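1 is the number of the first residue of the sequence shown in full-length UniProt numbering; add one for each residue after it. Glycine included, each C-beta is placed from N, C-alpha and C at the ideal position. Remember, predicted model here, so these are calculated numbers, not experimental data.
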Amino acid sequence: MVGGRRAVFLPFSREPVLSASTAPLKLIAHPVARLTGKVRAPGDKSVSHRALMFGALAMGETVITGLLQGEDVLCTAAALRALGADISREQDVWRVRGFGVGGGREPDDVLDLGNSGTSARLLSGILASHPFTSFMTGDASLRRRPMQRVIEPLSRMGARFQSREGGRMPLAIVGTDEMVPIEYRLPVASAQVKSCILLAGLNTAGETTVIEPQATRDHTERMLRHFGAEVREAPVEGGHGKRITVVGWPELKARKIAVPGDPSSAAFAVVAACIRPDSDVLIENVGINPLRAGLYTTLVEMGADITFENRREVGGEPVADLHVRGGGLTGVEVPADRAPTMIDEYPILAVAAAFAEGTTRMLGLAELRAKESDRLSSVAAGLAANGVQHEVGAESLTVHGTGASPAGGGLVKTHLDHRIAMSFLVLGLGTREPVAVDDGSPIDTSFPGFMTQMNGLGAKIEAA
Numbered sequence: 001m002v003g004g005r006r007a008v009f010l011p012f013s014r015e016p017v018l019s020a021s022t023a024p025l026k027l028i029a030h031p032v033a034r035l036t037g038k039v040r041a042p043g044d045k046s047v048s049h050r051a052l053m054f055g056a057l058a059m060g061e062t063v064i065t066g067l068l069q070g071e072d073v074l075c076t077a078a079a080l081r082a083l084g085a086d087i088s089r090e091q092d093v094w095r096v097r098g099f100g101v102g103g104g105r106e107p108d109d110v111l112d113l114g115n116s117g118t119s120a121r122l123l124s125g126i127l128a129s130h131p132f133t134s135f136m137t138g139d140a141s142l143r144r145r146p147m148q149r150v151i152e153p154l155s156r157m158g159a160r161f162q163s164r165e166g167g168r169m170p171l172a173i174v175g176t177d178e179m180v181p182i183e184y185r186l187p188v189a190s191a192q193v194k195s196c197i198l199l200a201g202l203n204t205a206g207e208t209t210v211i212e213p214q215a216t217r218d219h220t221e222r223m224l225r226h227f228g229a230e231v232r233e234a235p236v237e238g239g240h241g242k243r244i245t246v247v248g249w250p251e252l253k254a255r256k257i258a259v260p261g262d263p264s265s266a267a268f269a270v271v272a273a274c275i276r277p278d279s280d281v282l283i284e285n286v287g288i289n290p291l292r293a294g295l296y297t298t299l300v301e302m303g304a305d306i307t308f309e310n311r312r313e314v315g316g317e318p319v320a321d322l323h324v325r326g327g328g329l330t331g332v333e334v335p336a337d338r339a340p341t342m343i344d345e346y347p348i349l350a351v352a353a354a355f356a357e358g359t360t361r362m363l364g365l366a367e368l369r370a371k372e373s374d375r376l377s378s379v380a381a382g383l384a385a386n387g388v389q390h391e392v393g394a395e396s397l398t399v400h401g402t403g404a405s406p407a408g409g410g411l412v413k414t415h416l417d418h419r420i421a422m423s424f425l426v427l428g429l430g431t432r433e434p435v436a437v438d439d440g441s442p443i444d445t446s447f448p449g450f451m452t453q454m455n456g457l458g459a460k461i462e463a464a
């Protein structure tokens, strides 16, 4: 048993993954006066996925430290083992002996990717460029998420697909080793879709180019270069967007990877400290890649007392320790062009906005409707359940803060979404009445140990 839940092993996995079919775990957060102490951010989930994947596509042994050991990342490891990578772990050190670009073998079974949209979309690019048929599925939440956004460009490159209506999983991928390079303009800025196409381009003769309308997180480009691929970037003529080109058939060479702390996971302790007066919290080893740091830019604009200490570079990524002191926040307008740099952080930003003085208006949120849940609707429902005045639009959320603690007392439906669960548990640390979430079990997909870490700072989160 792991934390009261049944540990199971995915096919081809040597690592335990918590079963998604267990009973819901209702959690409740009680109001506290302040938070104090020091914690270390868990490994960056986006970088962890990519470190395993590029290690599998490289020749030799890649050594990874700081890897996030959440369910999503373990699903990626299990899938790569099914493709022929030798992946092992000794405490905090992971070793990946790769099969090389184009060297994966046909999986013997369906690849179950749990709740991980990153695994599903990025692995699609790898699978599509191999000459065999593979099958992917996931939990109830992942099976609702749209895959058409990767099916369309990969089909243009030569792969074929069978799926449920709307491109939803389970998904059959009929790959080919005769992929055609394309130039593809993303309809919506998405680092997952961009990365999927670049991964397919690795095993495609010639040059594959993605044009993104707005800059998205660039972990794939940084890590490809680290492993020896040729990746070029250039502004789009006229200054709107960027062209990213990968040259096919590189020989990727094994590397050492130190995974920085996840800014999306660190956000919960940061906001919790911001909304509790007299709090004093240090979060160590937080990645501050400018294409991931939109939340921190916004919190500083709102008046948050955040100091970026010990700035340094870890594994090619900028990192700092965040020293956060509690105090008052003021509402701001968050522009739409900032959305790609903080798309996962809007639920926790909405929590900060609920405590701010004045109105916070968040724009450009269409992508939130295609996450683990319809996050825009889920956030709005959670705010309503706890007495926070707000308005929700097709692509916007407006939160009316009063500068005082919201009422709280509500039960929030998480819809199997880990970030909704964690965000509203943070809300409950500062409301007048406790806040409950109907199921906190998905939290382990991205942040194992969340409750222990938060309670170590003085929070009071417990099973209901």
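Query: Does S21 come out as helix, strand or coil in the three-state DSSP assignment?; Result: With a pLDDT of 46 at S21, under the threshold of 50, the modelled position of this residue cannot be trusted, and the question is left open.
Query: Report the three-state DSSP secondary structure of F54 (helix, strand or coil).; Result: helix
Query: What distance in whole Å lies between the Cβ atoms of G401 and A356, which are believed to be in contact at a cut-off of 8 angstroms?; Result: 4 angstroms
Query: Exposed or buried, which one is D44 when buried takes at least 16 other CB atoms within 10 Å?; Result: buried
Query: With contact counted as at least three CB pairs below 8 angstroms, one residue from each stretch, are the region 233-249 and the region 266-273 in contact?; Result: no
Query: Looking at the structure shown, is D44 part of a helix, part of a strand, or coil, going by DSSP?; Result: coil
Query: Which stretch, first to last residue, makes up the alpha helix (DSSP H) that contains residue 466?; Result: Because the chain spans 1 through 464 in this model, residue 466 falls outside it and cannot be assessed.
Query: DSSP three-state label for K38, please.; Result: strand
Query: Ordered along the chain, which non-local residues of its own chain (more than five positions away) have a Cβ less than 8 angstroms from that of I443?; Result: H418, A421, M422, F450, M451
Query: Among the residues of its own chain, which have a CB less than 7 angstroms from the CB of H30, if the five just before and after it don't count?; Result: G428, P434, K460
Query: What span of residues does the alpha helix (DSSP H) with residue 493 cover, start to end?; Result: Limits of the chain in this structure are 1 at one end and 464 at the other, which puts residue 493 out of reach.
Query: Please classify P235: does DSSP put it in a helix, a strand, or coil?; Result: strand
Query: Judging by CA-CA distance, which residue of G206, V332, A128, L457 is the nearest neighbour of G175?; Result: A128
Query: Cβ of D109 versus every heavy atom of the ligand FMN: is any distance shorter than 7 angstroms?; Result: Looking at this structure, you won't find the ligand FMN or any other ligand, since it has none at all.
Query: Would you be able to state if there are at least three C-beta pairs under 8 angstroms between the region 299-318 and the region 71-86?; Result: no
Query: Rounded to whole angstroms, what is the Cα-Cα separation between G104 and T137?; Result: 19 angstroms
Query: Roughly how many angstroms lie between the CA atoms of A320 and E165, to the nearest whole one?; Result: 44 angstroms
Query: With distance defined between alpha-carbon atoms, name the residue in S396, L83, K413, V47 nearest to N386.; Result: K413
Query: In angstroms with no decimal places, state the Cα-to-Cα distance between V286 and E230.; Result: 28 angstroms
Query: Have a look at S124 and P170 and give me their C-alpha separation to the nearest angstrom.; Result: 12 angstroms
Query: Do D139 and G114 count as a contact pair if the criterion is CB distance below 8 angstroms?; Result: yes
Query: Measure the C-alpha to C-alpha separation of G294 and A189 and round it to an integer number of angstroms.; Result: 15 angstroms
Query: Out of P347, P335, D262, I288, state which residue places its alpha-carbon closest to the alpha-carbon of L67.; Result: D262
Query: Got a sec? Which residues, its chain only, sit under 6 angstroms from G84 by beta carbon, not counting five neighbours each side?; Result: F99, G104, R105
Query: Using CA coordinates, which residue listed in A339, V47, I182, A234 is at the minimum distance from S446?; Result: V47
Query: So what's P442 in DSSP terms, helix, strand or just coil?; Result: helix
Query: Could you give the distance in angstroms between the alpha-carbon of A172 and the alpha-carbon of A33?; Result: 52 angstroms
Query: Of the choices S195, H49, P24, R168, whose alpha-carbon is the least far from that of residue 467?; Result: In the structure as shown, the chain starts at 1 and stops at 464, and residue 467 therefore has no counterpart that could be examined.
Query: Who are S163's beta bridge partners in DSSP?; Result: L171
Query: For D177, which three-state DSSP category applies?; Result: coil
Query: Between the beta-carbon of R406 and the beta-carbon of A352, is there less than 8 angstroms?; Result: The displayed chain sequence assigns Pro, not Arg, to residue 406. Contact flag unset, no.
Query: Would you grab the beta carbon distance between M223 and N203 for me? Rounded to a whole angstrom, and I think it's under 8 angstroms.; Result: Not confirmed; about 17 angstroms, so no contact.
Query: Over the uninterrupted beta strand (DSSP E) stretch that includes residue 466, give me the two end residues.; Result: For residue 466 there is no data in the structure shown, the boundaries of the chain being 1 and 464.
Query: Going by beta carbon distance, what residues of the same chain come within less than 6 angstroms of P277, once the five residues before and after it are set aside?; Result: G326
Query: Please state whether DSSP places H418 in a helix, a strand or coil.; Result: helix
Query: When you compare only the Cα positions, how much space is there between F12 and I197?; Result: Any reading at F12 must be qualified, since the residue scores a pLDDT of 34, below 50, and its modelled position is unreliable; the value itself is stated next. Rounded to whole angstroms, F12 to I197 spans 26 angstroms at the Cα level.
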